[in-house]
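Numbering (the numbering used here), first residue to last: 18 to 343.
From the three backbone atoms N, C-alpha and C, an ideal C-beta is built for every residue, glycine too.
Notes follow the structure.
Shown next as structure tokens:
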């Protein structure tokens, strides 16, 4: 082999190592750029927002002596990892309001919000009491929980929004007409969804009474992602109760409803009603028919398999770059 050929061979080897170094650099930089750009293209969210309305659909027989009772909103809690916890109201305890003083006055409630490191967690619970119909106060409980993260690098966050309502019976009204009839509505715009399968979002609502061992009804709605939800419905089989639908049918209706599992929310109101014959019970002024619920959302930075792949490629690039420098 001649000297010039040897020189050319050395130049080829140097060029090859230089090219390998450039490739290693690209393997390091490109996946990171793709990862950052793909994750910052849109925020990651978990959201559970529910509007639950209760009204006596037969005003003539209204018998809930709500004027002697209080509704409760709070305690709303928002957390962000590394940034602590915000609770409303302060001190961290629920606050009750009388029906009569708030009827027709608009929503009363609280909001807890915490933002840090690109994550915002917000929990809001409000109660709106309408003017009384007979002795019954129609009311709407809004329970909203949302966590938004700017990217997978943002810290985890949670939001919890609870609320409850105890209606006191009016024994004198029950003696005149012992039939209690109520309509329950999940309002348009309610949504239970998460953008990432590792996030969590759900809302729950139940109606119970001191006269019964088990709830009158219980509804749980869990977000599954991709616009899907999983609903669980329980109706008390006590013979004094009659429902306008079955628990199975309501579950199917919730799961097939338009928008409930999306950010846009439920396209239209979804309602059912029930009738309760209180003539089977010895009702006192201390007996209640209560309602309570909660909305919860959580979002955490758990990388997807594609993210792990990009990180692995970036790691190989880093290894090549370090070997080149050594």
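Tell me the DSSP bridge mates of residue i?
{"i": "residue 224", "result": "234 and 308"}
{"i": "residue 260", "result": "291"}
{"i": "residue 272", "result": "According to DSSP, which records beta bridges pairwise, residue 272 is partnered with nothing at all."}
{"i": "residue 115", "result": "87"}
{"i": "residue 286", "result": "None; residue 286 has no bridge partner."}
{"i": "residue 219", "result": "239 and 313"}
Over what stretch of residues does the alpha helix (DSSP H) that includes residue i continue unbroken?
{"i": "residue 185", "result": "That residue, residue 185, is in no alpha helix (DSSP H); its beta strand (DSSP E) goes 174-185."}
{"i": "residue 190", "result": "188-193"}
{"i": "residue 65", "result": "Element bounds for residue 65: not the alpha helix (DSSP H) but the beta strand (DSSP E), 61-72."}
{"i": "residue 153", "result": "Looking at the DSSP string, residue 153 is not in any alpha helix (DSSP H), and its letter there is neither H nor E."}
{"i": "residue 317", "result": "Here residue 317 belongs to no alpha helix (DSSP H), and DSSP marks it neither H nor E."}
Would you check if the distance between the CB atom of residue i and the CB atom of residue j is smaller than 8 angstroms?
{"i": "residue 316", "j": "residue 61", "result": "yes"}
{"i": "residue 63", "j": "residue 314", "result": "yes"}
{"i": "residue 143", "j": "residue 124", "result": "yes"}
{"i": "residue 283", "j": "residue 238", "result": "no"}
{"i": "residue 137", "j": "residue 165", "result": "yes"}
{"i": "residue 345", "j": "residue 184", "result": "With the chain running from 18 to 343 in the structure shown, residue 345 is simply not present."}
{"i": "residue 344", "j": "residue 201", "result": "Outside the shown range of the chain (18 to 343) lies residue 344, about which nothing can therefore be said."}
{"i": "residue 159", "j": "residue 121", "result": "no"}
{"i": "residue 99", "j": "residue 210", "result": "no"}
Taking only the alpha-carbon atoms, compute the straight-line gap between residue i and residue j and give it to the nearest angstrom.
{"i": "residue 168", "j": "residue 134", "result": "10 angstroms"}
{"i": "residue 208", "j": "residue 182", "result": "22 angstroms"}
{"i": "residue 51", "j": "residue 96", "result": "Since pLDDT at residue 51 reaches only 47, below the 50 mark, its modelled position is unreliable, and the value read off the structure follows with that caveat. Rounded to the nearest angstrom, the two C-alpha atoms are 29 angstroms apart."}
{"i": "residue 293", "j": "residue 252", "result": "12 angstroms"}
{"i": "residue 259", "j": "residue 276", "result": "29 angstroms"}
{"i": "residue 254", "j": "residue 218", "result": "29 angstroms"}
{"i": "residue 230", "j": "residue 170", "result": "47 angstroms"}
{"i": "residue 220", "j": "residue 90", "result": "15 angstroms"}
{"i": "residue 93", "j": "residue 113", "result": "14 angstroms"}
{"i": "residue 240", "j": "residue 153", "result": "33 angstroms"}
{"i": "residue 146", "j": "residue 119", "result": "6 angstroms"}
{"i": "residue 139", "j": "residue 176", "result": "6 angstroms"}
Would you mind reading off the limits of the beta strand (DSSP E) that contains residue i?
{"i": "residue 299", "result": "Run containing residue 299: none; DSSP gives neither H nor E here."}
{"i": "residue 87", "result": "87-90"}
{"i": "residue 2", "result": "Because the chain here runs from 18 to 343, residue 2 falls outside it and cannot be looked at."}
{"i": "residue 208", "result": "208-211"}
{"i": "residue 198", "result": "196-203"}
If we count the other Cβ atoms within 10 Å of its Cβ and call it buried at 16 or more, is residue i buried or exposed?
{"i": "residue 155", "result": "buried"}
{"i": "residue 299", "result": "exposed"}
Looking at the ligand MN, does it come within less than 7 angstroms of residue i, judged from the CB to the closest heavy atom?
{"i": "residue 202", "result": "Of the ligands one can find in the structure shown there are none, so the ligand MN has no counterpart to examine."}
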